[in-house]
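Residue numbers (the numbering used here): 2 to 566. Even glycine gets a Cβ: it sits at the ideal position worked out from N, Cα and C. These numbers come from a predicted model, not from an experiment.
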Ligand SMILES: [Ca+2]
Ligand SMILES: [Ca+2]
Ligand SMILES: [Ca+2]
Ligand SMILES: [Ca+2]
């Protein structure tokens with residue numbers, strides 16, 4: 002049994018428990034300055050450099066004078082002031098902090114003798130930083146001269162003062178007889194100086210666990226999707242041949258939850274493609290399936306795609322017989338789209354491909370009189386078999402009322418998150434793309450077949466290359482990267498913190514895995530995760546009951562979970 006004093010000592014020596022592996026920021030992992038950066042983050046002296054996500058510090062970026070003002074203002078908890086000191090920071094996001102440090106006498110401005118300017122976006126030299134810190138901390142005059150390369154500098158006194166209390170040891174270890182006063186200060190260097198200046202405890206976090214795919218279950222038969230019903234932790238796994246399995250308490254149930262194998266026509270791009278459950282489940286017990294079946298009587302083409310609904314029995318037991326909600330004849334075996342999900346509006350969204358063939362030969366994707374090549378939106382609560390949402394874009398004008406968006410080639414996988422829809426549209430011979438837009442029913446036209454990604458399609462029947470009225474992808478890639486995009490999901494879990502708010506998607510053929518964050522309608526902070534996560538065969542992404550990402554692998558007949566830090 003250790004004494005309380007020994008336990009306290011041990012606790013002081015251990016990494017601070019509150020700090021998660023990798024700490025607050027992802028881009029300082031392993032940096033010699035990480036302990037200082039995490040320390041000033043913990044003290045809320047910095048909030049990061051990438052709002053609104055704020056999980057990056059930009060340690061190598063030059064520190065601006067305005068950022069310095071903000072850090073000092075927060076570190077000293079300076080009060081706000083009604084006095085406006087400078088003219089060149091008007092409207093600057095950090096103007097308040099600049100006025101606070103001016104009011105406290107920490108700066109006089111950057112243009113003596115007028116000193117009506119602060120030069121907020123100018124980078125700070127190490128000597129200037131010394132001046133700010135010496136004034137902010139009211140440091141007394143130093144007892145000796147520390148460095149050789151600052152002789153005669155107007156800031157030599159400040160440099161000596163910060164050296165005397167250990168804020169700097171110089172810039173040329175091990176000699177450390179120089180300070181490099183004219184060198185530009187990085188944000189990381191500032192973090193270390195502030196940590197020393199404020200006597201903060203350096204906080205070096207444990208290493209961030211590497212990203213990897215963890216096997217959840219294998220031994221499946223051509224799985225194409227996972228789905229966790231609302232309020233459940235059990236995972237439904239749809240298989241292309243028509244069965245839906247239940248992964249329950251660590252194992253697959255011996256009997257499928259649903260068996261459509263006698264109903265579907267499977268193979269290639271056909272089969273049971275996806276399932277969805279009513280958002281009011283379990284009060285509303287309906288499940289919806291979207292699958293290929295033999296051509297219906299009187300139909301024309303290759304096969305018929307059905308949307309049917311079932312009732313789920315208690316304890317995720319056998320569903321009722323299917324009721325047909327919608328049937329769409331498919332001209333060819335491929336480009337069937339294949340996903341459906343409910344939006345936050347309670348309506349059911351379904352993606353349909355262009356019907357197949359090269360270059361959308363019948364021009365269906367942008368023909369508003371067919372559902373092919375569209376994202377459609379229907380109301381499965383308003384009438385039987387469905388009603389039209391009154392604000393669908395083509396209600397009351399030319400075009401099918403079900404259509405929500407047009408110009409899609411083969412939207413195999415997509416997802417809805419936080420008011421946006423992210424659509425992975427499989428390309429033809431040049432580009433795979435992600436279209437990401439706000440969920441507003443404005444009748445987006447995503448451009449196929451005039452455009453493939455941002456490339457004008459030279460084989461389109463319309464040679465205009467006009468982009469008028471088109472919504473272009475937020476991300477795309479060419480054949481050197483992959484050839485069959487699998488649209489993904491936005492990570493909302495708690496454990497893989499480096500991917501928080503990231504839309505994660507992949508290429509089923511090459512196994513490339515990528516991510517980006519959507520900010521103001523644009524993809525930002527794009528990352529290629531293939532080094533750790535390359536995984537050919539992923540045909541669908543989902544989330545478990547904790548918001549952790551599940552990947553369904555058609556080649557491995559398996560489901561994986563994304564883990565790491
Ligand atoms: Ca870190
Ligand atoms: Ca001002
Ligand atoms: Ca000197
Ligand atoms: Ca497009």
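In terms of alpha-carbon separation, which member of 176, 85, 38, 93 lies closest to residue 109? 85
Count the other CB atoms, across all protein chains shown, that sit within 10 Å of the CB of residue 216; report buried if there are 16 or more and exposed otherwise. exposed
Alpha carbon to alpha carbon, how far is residue 505 from residue 529? Give it in angstroms, no decimals. 10 Å
Same chain, Cβ closer than 6 Å to residue 412, five either side skipped, listed in chain order: 338, 352, 424, 426
Just reading off the alpha helix (DSSP H) that residue 376 is part of, what are its end residues? Note, residue 376: premise wrong, no alpha helix (DSSP H); beta strand (DSSP E) at 376–379.
Collapsed DSSP secondary structure at residue 134 in the structure displayed: helix
Using DSSP with H/G/I as helix, E/B as strand and the rest coil, what is residue 270? coil
Taking 7 Å as the limit between beta carbons, can you name the residues of its chain near residue 567, skipping five residues before and five after? Residue 567 is absent from the structure shown; the chain starts at 2 and stops at 566.
Considering only residues of the same chain and omitting the five flanking positions on each side of residue 395, which have a CB-CB separation below 8 Å? 369, 401, 402, 404, 444
Where the alpha helix (DSSP H) containing residue 68 begins and where it ends: 66–76
Whole-angstrom Cβ separation of residue 243 and residue 273, contact assumed at under 8 Å? 5 Å
Counted within 10 angstroms of its Cβ, other Cβ atoms place residue 435 as buried (16 or more) or exposed: buried
Quick check: the segment 60–68 against the segment 232–249, are at least 3 beta-carbon pairs closer than 8 Å? no
Do you know how far the Cα of residue 345 is from the Cα of residue 282? 14 Å
Secondary structure at residue 43, three-state DSSP: helix, strand or coil? helix
Check: residue 96 C-beta below 7 Å from any heavy atom of ligand 2: yes
With hydrogens ignored, establish whether the beta-carbon of residue 85 is closer than 7 Å to any heavy atom of ligand 2. yes
Residue of 332, 280, 334 minimising C-alpha distance to residue 343: 280
If you draw a straight line from the alpha carbon of residue 13 to that of residue 202, how long is it in whole angstroms? Summary for residue 13: the model assigns pLDDT 49, below 50, so the residue's position carries little reliability, and this model does not support an answer.
Cutting at 6 Å between CB atoms, please list the residues of its own chain near residue 131, excluding the five before and the five after it. 156, 159, 160, 163
Is residue 449 near ligand 4 - that is, is its Cβ less than 7 Å away from at least one heavy atom of it? yes
If residue 540 and residue 487 are in contact, beta carbons under 8 Å, what's the gap, nearest whole angstrom? 6 Å
Going by DSSP, which residues form a beta bridge with residue 431? BP columns for residue 431 are empty, so no partner.
Under the three-state DSSP convention, the category residue 260 falls into: strand
Of the residues 179, 479, 432, 416, the one placed nearest residue 490, counting alpha carbons only: 416
Length at least 4, wholly inside the segment 413–458: the alpha helix (DSSP H) runs in chain order: none
Identify every residue that forms a DSSP beta bridge with residue 288. 278, 311
My assumption, with CB atoms under 8 Å, is that residue 440 sits in contact with residue 452. Please give the rounded CB distance. In fact, because the Cβ distance is near 22 Å, the residues do not count as touching under 8 Å.
Residue 433 CB to nearest heavy atom of ligand 4 below 7 Å: no
Give every residue of the same chain whose Cβ lies closer than 8 Å to the Cβ of residue 518, excluding the five residues on either side of it in the sequence, and list them in chain order. 54, 502, 503, 504, 524, 525, 526
With 16 other CB atoms within 10 Å as the buried threshold, where does residue 94 fall? exposed
What are the uninterrupted segments assigned as beta strand (DSSP E) that are 3 or more residues long and contained completely in the segment 347–401, given in chain order? 349–352, 376–379
For residue 221, which three-state DSSP category applies? coil
Which stretch, first to last residue, makes up the alpha helix (DSSP H) that contains residue 162? 157–165
Run of the beta strand (DSSP E) containing residue 477, from where it starts to where it stops: 476–478
Segment limits, beta strand (DSSP E) that includes residue 406: 404–407
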